[in-house]
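Q: I have a structure I would like to understand better, so I am pasting it below and will then ask my questions one at a time.
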Amino acid sequence: MMDFIWLLAKDAFWSAIPAVGFAMLFNVPPRMLKYCAMGGALAHSLRTLLIHQGMPIEWATLAAATTVGFVCVYWSRRLLAPRPVFSVASIIPMIPGSYAFKAMIAVVELNISGVTMELIQSAVENGLKALFIVGALSFGLAIPSLVVYRNRPII
Numbered sequence: 001m002m003d004f005i006w007l008l009a010k011d012a013f014w015s016a017i018p019a020v021g022f023a024m025l026f027n028v029p030p031r032m033l034k035y036c037a038m039g040g041a042l043a044h045s046l047r048t049l050l051i052h053q054g055m056p057i058e059w060a061t062l063a064a065a066t067t068v069g070f071v072c073v074y075w076s077r078r079l080l081a082p083r084p085v086f087s088v089a090s091i092i093p094m095i096p097g098s099y100a101f102k103a104m105i106a107v108v109e110l111n112i113s114g115v116t117m118e119l120i121q122s123a124v125e126n127g128l129k130a131l132f133i134v135g136a137l138s139f140g141l142a143i144p145s146l147v148v149y150r151n152r153p154i155i
């Protein structure tokens with residue numbers, strides 16, 4: 001149990017760093033950087049927790065992005081700042097770079113080595129996984145704003 005808590009703590013720390021880095025790249029005001037770090041740490045740690053519990057990475061990413069989206073809506077109202085100030089930087093650590101890289105390497109290998117079933121499978125599998133993760137990130141950030149900023153009643 002302590003090993004898993006230590007894993008989540010390390011995951012939170014290391015995912016807060018790129019969130020702050022991209023927030024600085026996007027010219028987020030310095031007083032908002034701590035919220036971007038907390039959002040990135042929360043998002044990636046929650047995704048790691050859900051994956052550890054057996055949830056597929058795509059659904060875990062959707063749940064984490066939706067949770068962070070609701071937290072960012074709360075922060076934006078409390079701190080009087082636009083929601084993307086927090087939300088965009090918070091989801092950056094969950095971008096599926098390794099899956100996209102593996103898909104592109106498989107496509108390049110297809111060109112160099114010739115067509116094999118293993119390379120096609122690797123390219124399609126990793127490419128689709130990266131695509132679904134990016135889709136989960138975008139839907140996860142869109143859902144809270146659709147729910148909270150709704151002008152008409154739902155019923």
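Taken in order, the sequence shown gives residues 1 to 155; the numbers are from UniProt numbering.
C-beta atoms are modelled at their ideal positions from N, C-alpha and C, and glycine is treated no differently.
#1: If contact is defined by three or more beta carbon pairs under 8 angstroms, each pair taking one atom from either stretch, is the segment 102-113 in contact with the segment 17-26?
#2: As a quick exercise: from Arg83, Thr66, Gln53, pick the residue whose alpha carbon is nearest that of Val73.
#3: Could you work out which residue in Met117, Cys36, Ile120, Leu137 is closest to Ile95 when comparing CA atoms only?
#4: Return the chain-ordered list of same chain residues with a C-beta closer than 6 angstroms to the C-beta of Leu7, the five sequence neighbours on each side being excluded.
#5: Ignore the nearest five residues each way along the sequence and tell me which others in Leu33's own chain have a CB closer than 6 angstroms to its CB.
#6: Would you call Ala64 buried or exposed, if buried means 16 or more other Cβ atoms sit within 10 Å of its Cβ?
#7: Are there 16 or more other CB atoms within 10 angstroms of the CB of Thr48, so buried, or fewer, so exposed?
#8: Pop quiz: Ser87 and Gly69 are said to be a contact at Cβ under 8 angstroms. What is the actual Cβ separation, rounded to whole angstroms?
#9: Met104 by DSSP, collapsed to three states: which one?
#10: Kindly give me the distance between the Cβ atoms of Leu50 and Ala60, rounded to whole angstroms, as I take these residues to be in contact under 8 angstroms.
#11: Output the distance between the C-alpha atoms of Cys36 and Ala16, rounded to the nearest integer angstrom.
#12: Who are the near neighbours of Thr66 in its chain, counting only those whose CB is closer than 6 angstroms to its CB and skipping five residues on each side?
A: Answer, in terms of the structure:
#1: no
#2: Translated into the one-based positions of the sequence shown, residue 73 becomes position 73. For the residues Arg83, Thr66, Gln53, the minimum Cα distance to Val73 belongs to Arg83.
#3: For the purposes of this step, residue 95 is identified with residue 95 of the sequence shown, where counting begins at 1. Measuring from the Cα of Ile95, the nearest candidate turns out to be Leu137.
#4: The sequence position of residue 7 within the sequence shown is 7, counting from 1. Cβ within range, chain order: n/a, list empty.
#5: The residue labelled residue 33 in the question sits at position 33 within the sequence shown. These residues qualify, in order along the chain: Val20, Ala23.
#6: In the sequence shown, counting from the first residue as 1, residue 64 sits at position 64. With 16 or more other Cβ atoms within 10 Å, it is buried.
#7: As a working note, residue 48 is residue 48 in the sequence shown. Classification for Thr48: buried.
#8: Taking the first residue of the sequence shown as 1, we reach residue 87 at position 87. Taking the first residue of the sequence shown as 1, we reach residue 69 at position 69. Contact flag correct, Cβ pair sits at about 6 angstroms.
#9: Position 104 of the sequence shown, counted from the start, is the residue given in the question as residue 104. Helix at Met104.
#10: As a working note, residue 50 is residue 50 in the sequence shown. As a working note, residue 60 is residue 60 in the sequence shown. Right, the Cβ-Cβ distance comes to about 4 angstroms (below 8 angstroms), so this counts as a contact.
#11: For the purposes of this step, residue 36 is taken as the residue at position 36 of the sequence shown. For the purposes of this step, residue 16 is taken as the residue at position 16 of the sequence shown. If you take the alpha carbons of Cys36 and Ala16, they lie about 8 angstroms apart.
#12: In the sequence shown, residue 66 corresponds to position 66, counting from 1. Excluding residues within five positions, the ones whose Cβ falls inside 6 angstroms are Gly140, Ile143.
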